[in-house]
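All letters in the sequence shown, in the order written, are residues 16 to 167 by my numbering.
Where is the CB? At the ideal position from N, CA and C, for every residue including glycine.
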Amino acid sequence: MWLWCVRTQQWEAVKVWISRNVTAESVVDEHKVAATITTLKRIEGLLILYVKEVTNRNINALMTLTEIKHDYKEVKGQKYDKDCTVKEVTNRNINALMTLTEIKHDYKEVKGQKYDKDCTVKEVTNRNINALMTLTEIKHDYKEDKGKLFLI
């Protein structure tokens with residue numbers, strides 16, 4: 016719900032949902048994948064929030080950036096069992112890998128970008144929608160390849 020509120024720019028609702036801290040840690044391998052995807056969605060929301068805070072010259076932008084970096088390191092360092100085959104990990108993580116790649120790109124773009132007064136969160140959201148369309152195309156191509164492993 017928090018991510019939806021951030022995407023739709025309902026900032027008062029964001030304040031309510033941010034107080035509900037949810038941890039995304041698990042011991043079981045299948046749950047790690049779900050936890051990773053949850054963390055990636057949290058990073059997406061934090062990136063949108065970060066852009067808003069930088070645009071408004073809000074001091075909280077530094078805290079948000081710290082959270083983004085922490086979550087990014089957590090996702091990047093996620094380990095899976097040795098028994099998993101490459102195909103299983105690829106099948107379970109294709110969304111996470113592509114989302115992580117997009118978030119890395121967005122993070123670098125946000126970090127290095129100078130914002131004018133005219134830059135809005137809506138513009139950033141539109142870029143995320145384009146990334147989602149690309150992800151949908153990649154999923155479609157992956158299904159057509161019938162699960163063949165391909166390099167990203």
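May I ask which residues mark the beginning and end of the alpha helix (DSSP H) holding Thr81? 76-91
C-alpha gap between Lys91 and Ala50, whole angstroms: 13 Å
Would you tell me roughly how many angstroms separate the C-alpha atoms of Lys30 and Leu64, rounded to the nearest one? 11 Å
Neighbourhood of Glu89 by C-beta distance below 8 Å, restricted to the same chain and skipping five residues each side: Thr54
Rounded separation between Ile33 and Trp19 - CA only: 12 Å
Top-ranked residue by Cα proximity to Glu82, from Gln25, Arg35, Arg57: Arg57
Local Cβ density within 10 Å of Thr23, reported as buried at 16 or more and exposed below that: exposed
Exposed or buried, which one is Leu61 when buried takes at least 16 other CB atoms within 10 Å? buried
Can you grab the Cα-Cα spacing for the pair His85 / Glu27, in whole Å? 25 Å
Enumerate in chain order the residues of its own chain whose CB-to-CB distance from Glu68 is below 7 Å, with the five nearest sequence positions on each side excluded. Asn75, Ala76, Thr79
What's the C-alpha gap between Arg35 and Glu59? 17 Å
Alpha carbon to alpha carbon, what distance is there between Ile52 and Thr70? 27 Å
Grouping DSSP H, G and I as helix and E and B as strand, with all else coil, what is Arg22? helix
Can you tell me whether DSSP reads Arg57 as helix, strand or coil? helix
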